[in-house]
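To start, the structure under review is shown below, and the notes come after it.
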Amino acid sequence: MPVVPRSFFARSAEDVAPDLLGCLLVRESAEGRRILRITEVEAYSGPLDPASHGYRGKTPRNAVMFGPPGHLYVYFTYGMHFCINFVCSPEGECSAVLIRAGEIVEGIEAARGARPGSSDRDLARGPARLTKALGLYREDNGLDLCDGGPLTVLQRASADFTIATGPRVGVSSAAEVPWRYWIEGDPTVSAYKAHKPKVRKNASSATAS
DNA sequence: CGTTAGATTCTCT
DNA sequence: GAGAATCTAACGC
0 MPVVPRSFFA
10 RSAEDVAPDL
20 LGCLLVRESA
30 EGRRILRITE
40 VEAYSGPLDP
50 ASHGYRGKTP
60 RNAVMFGPPG
70 HLYVYFTYGM
80 HFCINFVCSP
90 EGECSAVLIR
100 AGEIVEGIEA
110 ARGARPGSSD
120 RDLARGPARL
130 TKALGLYRED
140 NGLDLCDGGP
150 LTVLQRASAD
160 FTIATGPRVG
170 VSSAAEVPWR
180 YWIEGDPTVS
190 AYKAHKPKVR
200 KNASSATAS
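Counting in numbering that gives the first Met the number 0, the first sequence runs from 0 upward without gaps.
As C-alpha cells, then:
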C-alpha cells in the first residue's frame with residue numbers, strides 16, 4: 000500500500016477527512032509497530048470555523064496548524080487527555096482533521112499495554128483513547144507524517160464501505176455543519192454525543208436559595 | 001446495551 | 001478565572 004504524500008494533505012480538511020477513512024496509520028516506537036485502521040474523523044476548517052482552535056488566530060498552542068500540511072497537531076484538553084490531528088491546507092492556512100476513532104489491526108498487545116483494562120473494541124474508540132493506545136503525547140506535536148518517521152499514513156486499498164456524515168462531537172458552536180465522517184456500521188466508531196454543558200460542583204459559592 | 005455525573009490541567013481573555 | 005474537539009465509573013434495563 001502506498002504512503003500518503005504531502006500533496007494529499009494540501010487540500011481543505013473537509014476534502015481530506017473522508018479520504019482518510021479506511022487508511023492505515025502506522026506507528027513505530029520502542030514498544031513495536033502498531034497499525035490503526037481509521038474509522039472516524041472530523042474536519043476543522045480554517046478561520047471561518049468557530050469550533051476550530053485556529054478560529055481566533057495563531058497562538059503558541061495551535062501554531063502547527065498554520066504550518067505546512069502533513070504534520071501532526073497534538074493538543075491537551077480536559078485537564079488529562081491528548082488528541083491528534085493531521086494538518087491540512089497549504090502553509091499559512093489553518094485547517095486540520097481530528098482522528099476520532101479506529102481499529103487496531105496490528106500491534107494490539109502494545110496497544111493493550113498502553114490502555115490496560117480496556118476491551119479490544121474500545122482501545123482506540125475515541126480521540127483521546129486512540130492517542131494513548133498509539134503512545135502519542137505532547138512531545139509528538141509537529142511530527143512530520145511524510146518523512147518516513149515514527150508515524151506514517153498508508154492509503155487504503157479501496158473504499159469497500161459506506162461513508163456516513165453528521166455533526167461533530169463535543170462542539171458547541173457550528174453544530175449544524177456535518178463535518179464528522181465515519182464508516183457506517185463499524186463497531187469502533189463512537190456513539191454520537193452532543194455537546195453537554197458542564198455542571199461544576201461548586202460548594203463554596205452561593206447555592207442560590 | 002443505554003444514560004448520567006465527576007474528574008483535573010492547560011490556554012486564552 | 002472560565003471553559004475545554006473527553007474518559008471512566010456507576011447504575012438501570
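Note that CB positions come from ideal geometry on N, CA and C, so glycine has one too.
Delimiting residues of the beta strand (DSSP E) encompassing residue i
{"i": "LEU142", "result": "Careful: LEU142 lies outside any beta strand (DSSP E) and carries neither H nor E."}
{"i": "LEU153", "result": "150–153"}
{"i": "GLY165", "result": "162–165"}
As assigned by DSSP and simplified to three states, the class of residue i
{"i": "THR76", "result": "strand"}
{"i": "LYS200", "result": "Reliability fails at LYS200, whose pLDDT of 48 lies under 50, so the model's placement of it is uncertain and the value that follows must be treated cautiously. The answer is coil: DSSP assigns LYS200 none of H, G, I, E or B."}
{"i": "SER208", "result": "Here the model assigns SER208 a pLDDT of 31, short of 50, so the residue's position is not dependable, and the following value carries that caveat. Three-state result, SER208: coil."}
{"i": "VAL168", "result": "coil"}
{"i": "LEU135", "result": "coil"}
{"i": "GLY31", "result": "strand"}
{"i": "LEU20", "result": "coil"}
{"i": "GLU183", "result": "coil"}
{"i": "THR38", "result": "strand"}
{"i": "VAL176", "result": "coil"}
{"i": "ALA12", "result": "helix"}
{"i": "VAL104", "result": "strand"}
{"i": "VAL63", "result": "helix"}
{"i": "LEU129", "result": "helix"}
Cα-Cα separation between residue i and residue j, rounded to whole angstroms
{"i": "SER51", "j": "GLY101", "result": "22 Å"}
{"i": "ALA132", "j": "THR38", "result": "15 Å"}
{"i": "LYS200", "j": "SER6", "result": "At LYS200 the pLDDT is 48, less than 50, meaning the model places this residue with poor confidence and gives no usable figure here."}
{"i": "LEU71", "j": "ARG99", "result": "14 Å"}
{"i": "ASP119", "j": "ASP18", "result": "25 Å"}
{"i": "ARG111", "j": "ARG10", "result": "34 Å"}
{"i": "ARG167", "j": "ARG137", "result": "23 Å"}
{"i": "LEU35", "j": "GLY53", "result": "27 Å"}
{"i": "ALA190", "j": "PRO177", "result": "15 Å"}
{"i": "GLY184", "j": "HIS80", "result": "27 Å"}
{"i": "LEU150", "j": "VAL96", "result": "16 Å"}
{"i": "GLY134", "j": "SER172", "result": "30 Å"}
{"i": "THR206", "j": "ALA158", "result": "Because THR206 carries a pLDDT of 38, less than 50, the predicted location of this residue cannot be relied on, and the following value inherits that uncertainty. Using only the alpha carbons, I get a separation of about 55 Å."}
{"i": "ASP215", "j": "ALA113", "result": "Since the first residue of the chain shown is 0 and the last is 208, residue 215 is not available in this structure."}
Beta-carbon spacing of residue i, residue j below 8 Å
{"i": "GLY69", "j": "CYS145", "result": "yes"}
{"i": "TYR180", "j": "VAL40", "result": "yes"}
{"i": "PHE160", "j": "GLY31", "result": "no"}
{"i": "ALA12", "j": "SER94", "result": "yes"}
{"i": "VAL15", "j": "LEU153", "result": "no"}
{"i": "LYS192", "j": "GLY169", "result": "yes"}
{"i": "ASP139", "j": "VAL73", "result": "yes"}
{"i": "GLU90", "j": "GLY66", "result": "yes"}
Residue span of the alpha helix (DSSP H) that contains residue i, given as start and end
{"i": "SER6", "result": "5–8"}
{"i": "ALA109", "result": "107–113"}
Given 8 Å, three or more beta-carbon pairs between the region 51–58 and the region 115–125: Taking 8 Å as the limit for Cβ pairs, the verdict is that the region 115–125 does not touch the region 51–58.
At least 3 beta-carbon pairs within less than 8 Å: the region 18–33 vs the region 104–115: Verdict: yes, contact present.
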